[in-house]
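Have a look at the structure below before the remarks.
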Amino acid sequence: MENDATPRLGNLSAARFTSQLLAWNDRLSRNLPWRGDRDPYRIWISEVMLQQTRVETVKPYYSRWLQRFPSISHVARAAEDEILKAWEGLGYYRRARLFHQACKQIIRDHHGAVPDNPEAFRQLPGVGPYTYAAVRSICFHDPLPAVDGNLKRIMARILALSANGSALHRTVERTLATVIPVHRPGDFNQAMMDLGATVCTPRDPRCGECPISDSCQAHFSGQVDLYPRPTKRKPRPHVPVAVGIIWRDSQLLIRRRPPEGLLGGLWEFPGGKVEPGESPEQTVVREVQEELGLKVQIMDRIGTVRHAYSHFSITLHAFHCKYTDRGAIPQNGSDYRWISWDEISHFPFPKANHKLFPLIEGNAPPRDQQL
DNA sequence: CACCCGTGGAG
DNA sequence: TCTCCAAGGGT
């Protein structure tokens with residue numbers, strides 16, 4: 001019972017730990033666009049954008065998003081293309097799609113406001129353990145540790161925890177649940193994230209600037225760089241890909257990717273993987289025939305770009321194409337569109353395709369593209 | 001639980 | 001050029 005009243009972190013009392021951390025936070029916390037805000041919608045979207053994404057990357061997206069979608073109902077009313085266009089370049093596009101779905105559910109089931117019922121909020125699509133704890137602690141003062149990579153790294157070092165992965169996550173969650181100050185849980189979480197981002201960094205941590213280094217077991221033993229223990233990483237295969245810019249008069253053909261999976265819902269130029277023994281030109285002709293039922297001929301070679309995704313990388317070859325068959329032309333719809341080059345900025349495209357844009361502009365299609 | 005899911009910056 | 005990895009969630 002007495003231990004519950006004065007929980008400890010190794011040889012460090014929880015009260016001392018939190019007071020030192022919050023004092024440091026009050027002096028040196030970063031001035032971020034969402035800092036000091038307690039509005040659930042704005043904190044929520046900031047947390048979703050920040051998932052696996054750096055603060056400096058998020059800042060301009062966050063600002064533009066709130067201008068374009070000032071409230072949940074603005075999100076719920078928007079078409080998915082508008083949502084994805086606002087998210088274009090941020091990556092992990094399913095985050096945007098799930099947030100869109102969640103906002104529509106809120107309009108339908110929760111009178112248009114982020115539900116203050118914790119379970120109702122937790123059940124919304126895209127709201128996982130971290131986002132739940134972050135929003136609840138910052139906006140509703142629930143004493144929940146928002147366990148992200150920063151908190152895991154900091155606690156692994158303070159307590160010299162050799163576990164990693166889900167075991168480390170559970171230990172950190174359980175430990176901090178008894179430590180987080182009930183009067184400032186949101187500040188505690190944000191202070192931990194600031195500390196992890198600016199002082200207790202993955203590489204070359206600035207232990208000399210750390211408010212709690214005097215009680216850090218990893219620092220005491222001079223082995224800060226051993227924590228947290230790295231997890232196994234899979235090698236990232238490389239895949240050659242070829243696409244065609246298919247022209248019809250002054251318009252070109254784009255298609256929408258399926259809603260699930262890689263780059264779900266974004267638009268792209270038709271094409272596919274280069275099979276073994278196949279030239280990129282052959283790939284374009286084959287893929288366009290297989291997927292669109294369209295016979296095309298390769299015209300000019302546009303260029304080649306490289307791009308790395310989260311778990312594989314590609315070399316992307318692009319070619320201007322023309323018909324060799326007037327039949328079976330794809331019609332404008334939800335999956336295919338004929339657009340002028342000037343319209344292309346209205347559609348959300350993956351980064352790999354954006355790398356082709358200047359090459360296409362600087363290499364205009366031949367005038368005699370038609371049969 | 002292992003795997004999938006983007007992008008950009010740092011070193 | 002290459003590796004690591006950042007305020008995770010869904011399946």
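All letters in the first sequence, in the order written, are residues 1 to 371 by the numbering used here. Yeah, the Cβ is synthetic: ideal placement off N, Cα and C, and Gly gets one too. Note that the structure is predicted; figures quoted are calculated from it, not measured.
- If you draw a 10 Å sphere on the C-beta of G362, you find fewer than 16 other C-beta atoms in it, and that means exposed.
- In this chain, the alpha helix (DSSP H) harbouring A120 covers 118-122.
- The beta carbon of L262 sits closer than 8 angstroms to the beta carbons of Y309 from its chain, once the five residues preceding and following it are set aside; these are given in chain order.
- Sorting A133, L12, L252, I107 by C-alpha distance to the C-alpha of F357 places L252 at the top.
- If the five residues before and after D148 are omitted, its C-beta is found closer than 6 angstroms to the C-beta atoms of Y130, all from its own chain and listed in chain order.
- Apart from sequence neighbours up to five positions away, the residues of its chain that approach Y41 with a beta-carbon distance below 8 angstroms are S71, I72, V114, ordered along the chain.
- In this chain, the beta strand (DSSP E) harbouring F319 covers 313-323.
- Pairing Q190 with Q51, the inter-Cα distance amounts to about 14 angstroms.
- About 20 angstroms separates the beta carbon of L159 from that of L22, a gap too long to meet the 8 angstroms contact definition.
- R54 and Q297 have their C-alpha atoms some 43 angstroms from each other.
- DSSP places D37 in the coil class of the three-state scheme, outside both helix and strand.
- A Cβ-Cβ contact shorter than 8 angstroms links P185 with H141.
- Taking all protein chains shown into account, K234 has fewer than 16 neighbouring C-beta atoms within 10 Å of its C-beta and is therefore exposed.
- The DSSP-derived three-state label of V284 is helix.
- With fewer than 16 other beta carbons inside 10 angstroms of its own, N332 counts as exposed.
- Around the beta carbon of A96, 16 or more other beta carbons lie within 10 angstroms, which makes this residue buried.
- The Cβ atoms of E287 and G272 lie closer than 8 angstroms to each other.
- Cβ atoms of C216 and R157 come within 8 angstroms of each other, at about 6 angstroms.
- Looking at Y132, R301, D194, the one whose alpha-carbon comes closest to that of W24 is D194.
- Put simply, of A133, G196, Y323 the residue whose alpha carbon is nearest the alpha carbon of G244 is Y323.
- Excluding its 5 nearest sequence neighbours in each direction, Y61 has C-beta neighbours in its own chain below 7 angstroms: M49, L90, listed in chain order.
- Out of E47, F17, F188, the CA that lies nearest to the CA of S29 is found in F188.
- No Cβ-Cβ contact shorter than 8 angstroms links R337 with I212.
- Its chain contains V75, A76, A78, E80, I83 as the residues whose beta carbon lies nearer than 8 angstroms to that of H100, once the 5 sequence neighbours on both sides are disregarded; these appear in chain order.
- Taking all protein chains shown into account, R108 has fewer than 16 neighbouring C-beta atoms within 10 Å of its C-beta and is therefore exposed.
- Of the candidates F347, P143, K295, S313, the residue whose Cα lies closest to the Cα of I329 is K295.
- As summarised for the segment 43-98, the continuous alpha helix (DSSP H) elements at least 4 residues long and confined to that stretch are 55-68, 72-77, 80-87, given in chain order.
- Residue pairing of V179 in beta bridges, as defined by DSSP: absent, with no partner found.
- W24 is bridged by DSSP to nothing; it lacks a bridge partner.
- Secondary structure of Y132 (DSSP, three-state): helix.
- Using a Cβ-Cβ distance cut-off of 8 angstroms, the segment 300-307 and the segment 217-231 are not in contact, since fewer than three pairs of beta carbons, one from each stretch, lie closer than that value.
- The beta-carbon distance between F349 and W267, rounded to whole angstroms, is 6 angstroms. This is short enough to meet the 8 angstroms contact definition.
- By the neighbour-count definition (other C-beta atoms within 10 Å, threshold 16), N117 is an exposed residue.
- For R248, the uninterrupted beta strand (DSSP E) segment begins and ends at 238-248.
- Nearest neighbour of H346 by Cα position, chosen from E88, R64, T57, I43, turns out to be E88.
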